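Protein chains in written order, with the working numbering: chain A, 59 to 497; chain B, 59 to 497.
Everything below concerns the one structure shown next.
Protein chains: 2
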Amino acid sequence: MSNEQLVRPAPVSGFPEWLPEVRLVELRWLDEIRRAFERYGFCSVETPSVEALDVLLAKGETSQEVYTLRRLQADDGDDGDARLGLHFDLTVPFARYVAQHFNDLVFPFKRYQVQRVWRGERPQEGRYREFTQCDIDVINVDRVPLYFDAELPRIVHEILTGLGVPAWSININNRKVLQGFYAGLGIDDPLGVTRVADKLDKIGTAGVEKLLASTLGLTPEQITACLDLAHIRGGDAGVADDIRRLGVTSDLLDEGLDELSFVLDELSDLPAGSIVADLSIARGLDYYTGTVYEGKFVDWPDYGSICSGGRYADLAGSFIRRHLPGVGISIGLTRIFAKLLAEGRLETAASCPSDILVVLPSDARRAEARAAAAHLRARGYNVETYHEADKLGKQIRYASRKGIPFVWFPPFEDGKPHEVKNMASGEQLTADPQTWHRP
Amino acid sequence: MSNEQLVRPAPVSGFPEWLPEVRLVELRWLDEIRRAFERYGFCSVETPSVEALDVLLAKGETSQEVYTLRRLQADDGDDGDARLGLHFDLTVPFARYVAQHFNDLVFPFKRYQVQRVWRGERPQEGRYREFTQCDIDVINVDRVPLYFDAELPRIVHEILTGLGVPAWSININNRKVLQGFYAGLGIDDPLGVTRVADKLDKIGTAGVEKLLASTLGLTPEQITACLDLAHIRGGDAGVADDIRRLGVTSDLLDEGLDELSFVLDELSDLPAGSIVADLSIARGLDYYTGTVYEGKFVDWPDYGSICSGGRYADLAGSFIRRHLPGVGISIGLTRIFAKLLAEGRLETAASCPSDILVVLPSDARRAEARAAAAHLRARGYNVETYHEADKLGKQIRYASRKGIPFVWFPPFEDGKPHEVKNMASGEQLTADPQTWHRP
């Protein structure tokens with residue numbers, strides 16, 4: 059302890075961290091997510107946090123948000139490290155990874171990637187400067203079967219259900235349906251309409267109407283048809299009939315409707331409301347070419363999307379002359395987790411992973427305490443031994459404060475039995491560390 | 059696929075990444091390490107990758123190696139983010155965390171922290187710019203029982219043994235023994251001797267002799283005694299006798315010998331050679347005040363330490379006016395892992411976590427394939443379903459290339475049984491997805 063001026067240990071805005079009892083829940087979430095990805099055979103990939111700047115900016119997008127690195131002691135203008143930046147998503151590093159290791163990978167390549175990403179943005183609710191994304195993608199050379207467009211939301215469904223995330227839906231659309239519909243209406247710039255339609259939940263119907271007329275010169279009939287399409291929702295392939303009933307036709311529309319119907323059919327065993335065709339979502343990025351996904355909280359519709367993704371024509375075209383289409387979805391772990399924490403919807407319990415605290419009756423019984431702990435650990439329990447022969451009440455209070463569910467008493471004298479106390483019920487019974495089972 | 063100029067997807071020096079089959083082994087390592095930490099009741103803490111610069115530099119050390127952040131689009135001289143840097147170890151963030159959340163933690167606070175750290179150093183063998191550290195520390199208000207000085211190397215022993223890391227030893231010393239011994243010799247600057255003695259494995263006996271004489275003015279007798287001490291090794295409390303036999307006495311030396319003997323006694327059940335008292339190690343940092351640890355590969359003695367740590371008088375004195383002594387040890391995961399990989403000492407197998415590939419005999423059997431996969435997944439297996447009704451040989455080859463150990467054949471016609479092929483033995487048997495067990 060020094061008498062120097064203290065540095066204030068303040069949190070840095072936009073960089074969340076959790077107390078141990080919250081972190082325990084986050085770990086359980088991470089385990090559950092990983093288990094689900096692996097249950098479907100996806101392999102783990104981790105890339106460095108850092109990429110060369112020309113890799114990060116290969117597509118020229120989102121450049122504003124990139125954090126670059128600089129050594130504190132570097133001379134200005136003479137720092138090779140200034141060519142490095144922290145990744146702002148997991149897609150660009152994945153594209154670079156696939157291009158770099160192309161000959162060592164088995165295709166279709168199915169990978170999951172759970173890592174932190176960084177964005178130099180102004181923090182606000184649901185928006186962080188450092189956060190954890192959980193991505194799965196399937197890529198293949200030249201062609202990716204539509205089957206995967208259904209498998210990915212099935213996996214996310216399994217995860218969100220398993221975690222007990224309150225009311226959510228995964229909304230699905232298909233860009234071919236949108237483009238094909240607009241083309242069928244005789245609109246010259248279908249992509250332009252897609253971009254405007256994507257703003258529906260932000261600027262409302264009137265705002266979209268105005269924009270479609272003013273910036274794209276659509277006729278009132280075209281605008282009405284576009285808005286009719288955008289208002290279609292449905293949980294099964296019946297949405298295709300609703301769309302056809304609008305009377306617009308084009309080959310691309312047919313193709314998109316076939317794809318959308320296939321995906322909805324494949325997912326028809328999932329509970330109603332969990333997977334919803336929503337013709338208003340477009341995922342602004344021009345990147346997507348077919349299926350698109352966007353998960354939302356039902357009770358907090360204005361909160362950002364909790365997962366998103368879709369099908370793209372080419373993953374790594376900036377890095378390799380191979381045609382690598384794919385489909386992917388990303389779960390915004392930090393965004394979901396932080397919201398539930400803020401809403402008081404996360405249940406925390408213990409502040410440590412211990413199942414059992416072995417008390418130390420006296421220094422003379424140290425060997426017995428250690429042996430009991432060793433037996434219990436070998437049988438799969440997480441066990442703390444109390445570190446010194448303190449008053450028994452103090453040792454038990456330590457267990458209680460940390461939420462440790464069982465307290466173990468090694469024999470206080472030779473020939474006496476071990477005992478174990480259930481902290482929830484208060485019951486205390488004799489027990490053998492080599493045979494005891496947690497009730 | 060564009061015709062634009064490609065960006066070369068090159069690795070960035072000092073930022074390692076692994077192919078999927080290697081990453082699978084790394085994941086197993088991370089699991090094993092975490093399980094061991096939790097088995098002893100340590101709780102997980104993760105801190106942001108980023109700290110305020112004044113926090114990172116509170117102690118003024120290692121400032122050269124810090125990477126600071128800058129938004130790519132920031133105006134020079136007007137960027138709040140320039141006050142942020144990536145953490146270069148897990149101790150400084152832990153100290154800040156404890157100070158910031160002091161009132162919400164239960165003491166003694168036992169935490170583990172497995173995270174990447176960054177150092178803007180020139181990369182070389184065993185030295186990376188981004189790497190993963192696995193730290194455990196026990197801190198307490200005012201006093202930490204010596205018991206933990208033995209528990210920490212026990213946990214590391216369990217981990218290195220469980221991982222099958224080839225020949226290593228955890229070397230232990232006690233700074234009080236060194237300081238007390240030098241003081242007992244009548245040396246004015248015991249800390250100076252410690253710093254010089256720490257260079258023994260780099261500059262050799264002759265180099266140390268010369269330095270002790272030239273820079274510290276030690277007499278030949280004092281130098282001989284210091285070197286005699288530095289050459290003492292031993293696996294049990296007998297080393298204390300060897301040291302006492304050198305005829306030097308002081309109160310601090312006695313205290314140190316008691317501590318060292320206690321730790322060695324507590325660990326006396328571990329296999330010979332795994333825990334070694336080594337009076338030559340001092341861990342240069344003035345930071346440490348008692349027990350110090352340094353793990354080394356036996357076969358690669360010149361390679362950096364594979365774990366290190368020790369007891370310190372105060373963790374968070376820069377941030378809070380509480381006296382928080384502690385003891386900690388850090389496993390250099392990337393350093394160990396990369397070395398074994400380079401030496402061909404890591405066994406990789408599959409490139410994915412799948413236990414089973416369910417083949418798709420024809421599009422008509424998609425429901426059966428999906429149901430079989432669902433049953434097997436519900437029973438704990440990792441299962442891929444092949445994505446399209448390709449030639450059977452191609453589907454089986456996919457399993458073989460990814461190292462998937464079992465291929466499952468749903469019935470090709472109604473009424474026929476499922477079959478499963480063991481890829482290692484070639485054996486193919488009828489099986490039921492609701493009852494099959496992996497042999």
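Ideal Cβ placement from N, Cα and C applies to all residues, glycine included.
These numbers come from a predicted model, not from an experiment.
message = Any beta carbon of chain B sitting closer than 8 angstroms to that of F112/A?
response = The sequence position of residue 112/A within the first sequence is 54, counting from 1. For the record, residue 112/A in the displayed sequence is Asp; it is not Phe. It does: the Cβ of D112/A has a partner Cβ on chain B nearer than 8 angstroms.
inquiry  = Would A116/A and S376/A be called neighbours here (beta carbons separated by less than 8 angstroms)?
reply    = Locating residue 116/A in the first sequence gives position 58, counting from the first residue. Locating residue 376/A in the first sequence gives position 318, counting from the first residue. Their beta carbons are under 8 angstroms apart, which means A116/A touches S376/A by this criterion.
inquiry  = Tell me the rounded alpha-carbon separation between D294/B and A335/B.
reply    = In the second sequence, residue 294/B corresponds to position 236, counting from 1. In the second sequence, residue 335/B corresponds to position 277, counting from 1. Cα-Cα distance, rounded: 7 angstroms.
message = I need the DSSP call for T105/B, collapsed to helix, strand or coil.
response = Stepping through the second sequence from its first residue, residue 105/B is reached at position 47. Looking at T105/B - three-state DSSP - the assignment turns out to be coil, as it is neither helix nor strand.
key: Three-way DSSP call (helix, strand, coil) for Y498/B in this model   = The structure shown does not extend to residue 498/B, since chain B is modelled only from 59 through 497, so no value can be given for it.
inquiry  = At the 8 angstroms Cβ level, is N161/B part of the contact set with chain A, yes or no?
reply    = For the purposes of this step, residue 161/B is identified with residue 103 of the second sequence, where counting begins at 1. False, the Cβ-Cβ gap to chain A never drops below 8 angstroms.
inquiry  = Can you tell me whether D193/B is buried or exposed? The criterion is at least 16 other CB atoms within 10 Å of its CB, across all chains shown.
reply    = Taking the second sequence and counting its residues from 1, one reaches residue 193/B at position 135. Burial check for D193/B: the Cβ neighbour count within 10 Å reaches 16 or more, so the residue is buried.
key: Spatial neighbours of R369/B in its chain, beta-carbon cut-off 7 angstroms, leaving aside the 5 residues before and after   = Here residue 369/B is taken as the residue at index 311 of the second sequence, counted from 1. Within the same chain, and ignoring the five residues on either side of R369/B in sequence, the residues whose Cβ sits closer than 7 angstroms to its Cβ are D207, Y346, T347, G348, T349 and V385.
query = Given a limit of 8 angstroms on CB to CB distance, which residues of the region 94–107 of chain A reach chain B?
reply = Within the region 94–107 of chain A, the residues whose Cβ lies closer than 8 angstroms to some Cβ of chain B are E96, R97, Y98, G99, F100, C101, S102, V103, E104, T105, P106 and S107, listed in chain order.
ask   = The alpha helix (DSSP H) spanning D312/B covers which residue range?
value = For the purposes of this step, residue 312/B is taken as residue 254 along the second sequence, with counting starting at 1. Membership of D312/B in the alpha helix (DSSP H) is indicated by the continuous run D309 to E324.
request  = Starting from S308/B, find everything on chain A with Cβ-Cβ shorter than 8 angstroms and list it in chain order.
outcome  = Position 250 of the second sequence holds residue 308/B. Correct list: empty, because the minimum Cβ distance to chain A is about 26 angstroms.
ask   = Under 8 angstroms Cβ-Cβ, which residues of chain A neighbour R369/B?
value = Translated into positions along the second sequence, residue 369/B becomes position 311. Taking the beta carbon of R369/B as reference, no residue of chain A falls within 8 angstroms; the closest one sits roughly 14 angstroms away.
ask   = What residue range is occupied by the uninterrupted alpha helix (DSSP H) comprising E84/A?
value = Residue 84/A sits at position 26 when you count from the first residue of the first sequence. For E84/A, the enclosing alpha helix (DSSP H) starts and ends at P78 to R97.
task = Under 7 angstroms between beta-carbons, which chain B residues line up against E446/A? List them in chain order, please.
result = Looking up residue 446/A in the first sequence gives position 388. Result: P203 and Y205.
ask   = With 16 other CB atoms within 10 Å as the buried threshold, where does G220/B fall?
value = Working through the second sequence from its first residue, we reach residue 220/B at position 162. Counting Cβ neighbours within 10 Å, G220/B comes out exposed, since fewer than 16 surround it.
query = To the nearest angstrom, how far is it from the Cα of V321/A to the Cα of N232/A?
reply = Translated into positions along the first sequence, residue 321/A becomes position 263. Translated into positions along the first sequence, residue 232/A becomes position 174. Rounded to whole angstroms, V321/A to N232/A spans 10 angstroms at the Cα level.
request  = Could you name the residues of chain B that T126/A contacts, counting a contact when the two beta carbons are closer than 8 angstroms?
outcome  = Counting from one through the first sequence, the residue named residue 126/A turns up at place 68. Taking a Cβ-Cβ threshold of 8 angstroms, the residues of chain B close to T126/A are L127, R128, R129 and L130, in chain order.
task = Quick one: measure Cβ to Cβ for A241/A and P248/A, integer angstroms, because I've assumed they're closer than 8 angstroms.
result = For this step, residue 241/A is matched to residue 183 along the first sequence. For this step, residue 248/A is matched to residue 190 along the first sequence. Correct: roughly 5 angstroms between the Cβ atoms.
key: CB contact check: A528/A to chain B, cutoff 8 angstroms   = Only positions 59 to 497 of chain A appear in the structure, and residue 528/A is not among them; the question remains open.
message = Looking at chain B, is there any beta carbon in it that lies within less than 8 angstroms of the beta carbon of E188/A?
response = For the purposes of this step, residue 188/A is taken as residue 130 along the first sequence, with counting starting at 1. Using a CB distance cut-off of 8 angstroms, E188/A counts as an interface residue toward chain B.
request  = Check whether the Cβ of S420/A lies closer than 8 angstroms to any Cβ atom in chain B.
outcome  = Here residue 420/A corresponds to residue number 362 of the first sequence, with the count starting at 1. False, the Cβ-Cβ gap to chain B never drops below 8 angstroms.
key: Cutoff 8 angstroms; reference D136/A; Cβ partners in own chain excluding five residues on either side   = Within the first sequence, residue 136/A is the residue found at index 78, counting from 1. Because D136/A sits at a pLDDT of 49, beneath the cut-off of 50, its placement in the model cannot be relied upon, and the point is left open.
task = Would you kindly report the start and end of the unbroken alpha helix (DSSP H) that includes D300/B?
result = Reading the second sequence from its first residue, position 242 is the one you call residue 300/B. Counting along the chain, D300/B sits inside the alpha helix (DSSP H) bounded by residues G296 to R302.
message = Rounded to the nearest angstrom, what separates A396/A and L88/B at their Cα positions?
response = Sequence index remark: in the first sequence, residue 396/A carries index 338 (1-based). Sequence index remark: in the second sequence, residue 88/B carries index 30 (1-based). Answer to the nearest angstrom: the Cα atoms are 25 angstroms apart.
key: Same chain, Cβ closer than 8 angstroms to M59/B, neighbours up to 5 away in sequence not counted   = Numbered from its first residue, the second sequence carries residue 59/B at position 1. A caution first: M59/B carries a pLDDT of 45, below 50, which makes its placement in the model unreliable, though a value can still be read off. Excluding its 5 nearest sequence neighbours in each direction, M59/B has no C-beta neighbour in its own chain below 8 angstroms.
inquiry  = Run through the DSSP bridge pairs and tell me what Q182/B is partnered with.
reply    = For the purposes of this step, residue 182/B is taken as residue 124 along the second sequence, with counting starting at 1. R185/B.
Contacts around E90/B, its chain only, beta-carbon distance under 7 angstroms, and the 5 residues preceding and following it disregarded = Walking along the second sequence from the start, residue 90/B turns up at place 32. Excluding positions up to five away in sequence, the list reads I217, G220 and L221.
request  = Could you check the C-alpha separation between Q486/B and V465/B for me, to the nearest Å?
outcome  = If you number the second sequence from 1, residue 486/B lands on position 428. If you number the second sequence from 1, residue 465/B lands on position 407. The C-alpha of Q486/B lies about 9 angstroms from the C-alpha of V465/B.
Between the CA atoms of P78/A and F160/B - distance to the nearest angstrom = By 1-based counting over the second sequence, the position of residue 160/B is 102. By 1-based counting over the first sequence, the position of residue 78/A is 20. Going by C-alpha positions, F160/B is about 12 angstroms away from P78/A.
key: Residues that DSSP places opposite C192/A in a beta bridge   = Here the question's residue 192/A lines up with position 134 in the first sequence. As computed with DSSP, C192/A is found in a beta bridge with V172/A and I389/A.
ask   = A330/A lies in the alpha helix (DSSP H); which residues open and close that run?
value = On the first sequence, position 272 is the one that residue 330/A refers to. No alpha helix (DSSP H) holds A330/A; DSSP gives it neither H nor E.
message = Can you tell me whether S388/B is buried or exposed? The criterion is at least 16 other CB atoms within 10 Å of its CB, across all chains shown.
response = Taking the second sequence and counting its residues from 1, the one referred to as residue 388/B is at position 330. Buried, since its Cβ has 16 or more Cβ neighbours within 10 Å.
request  = Say whether the region 164–180 of chain A touches the region 275–290 of chain A, bearing in mind that this needs 3 or more beta-carbon pairs closer than 8 angstroms, one atom from each stretch.
outcome  = No: the two stretches stay apart, fewer than three of their Cβ pairs being nearer than 8 angstroms.
message = I'd like to know whether the C-beta of M59/A is nearer than 8 angstroms to at least one C-beta of chain B.
response = Here residue 59/A is taken as the residue at index 1 of the first sequence, counted from 1. In this prediction, M59/A scores a pLDDT of 45, lower than 50, which makes its location untrustworthy; the coordinate-derived value is nonetheless stated afterwards. M59/A has a beta carbon lying within less than 8 angstroms of a beta carbon in chain B.
query = Any contact of the region 466–473 of chain A with the region 410–427 of chain A, i.e. 3+ C-beta pairs under 8 angstroms?
reply = These segments touch.
ask   = What residues of chain A sit near R435/B, judged by a beta carbon separation below 8 angstroms?
value = Locating residue 435/B in the second sequence gives position 377, counting from the first residue. Result: R97 and Y98.
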